[in-house]
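Numbering-wise (my numbering), the sequence shown opens with residue 1 and increments by one.
Don't be surprised by glycine CBs; every beta carbon is placed ideally from N, CA and C.
Here the structure is a predicted model, which means the values were calculated and not measured.
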Amino acid sequence: GPGQIDINMAITRKFQLRESQSVEFRAEAFNLPNHLNPNNPVAAVNNQNFGKILTSRDPRIIQLALKYVF
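Listed below in structure tokens is the structure:
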């Protein structure tokens, strides 16, 4: 199938609150440039859509997390 460009990134930051307590923040991004990544074309010869690309992979996804450690 066609080539795929997929850039993922994660950033983490830890904030110390007290000696035994902290908060961790994490941000993750998948397919950061939001590039269109088409799936493989239809491979069934008897299908009317043979050779056509009908779907694509996931768009940009961003996840945020906050964790309290004690």
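Proximity to residue i [Cα-Cα], best of the options
i: residue 29; options: 53, 61, 66, 70; result: 61
i: residue 56; options: 40, 50, 63, 49; result: 40
i: residue 34; options: 14, 46, 4; result: 4
i: residue 38; options: 65, 54, 49; result: 54
i: residue 69; options: 15, 1, 11, 10; result: 15
i: residue 7; options: 58, 66, 67, 64; result: 58
i: residue 26; options: 20, 19, 11; result: 11
Extent of the continuous beta strand (DSSP E) run through residue i
i: residue 66; result: 61 to 69
i: residue 56; result: Careful: residue 56 lies outside any beta strand (DSSP E) and carries neither H nor E.
Neighbour-count burial assignment, residue i, 16 or more Cβ in a 10 Å radius
i: residue 31; result: buried
Residues near residue i by beta carbon distance below 7 Å, same chain, minus five either side
i: residue 36; result: 56
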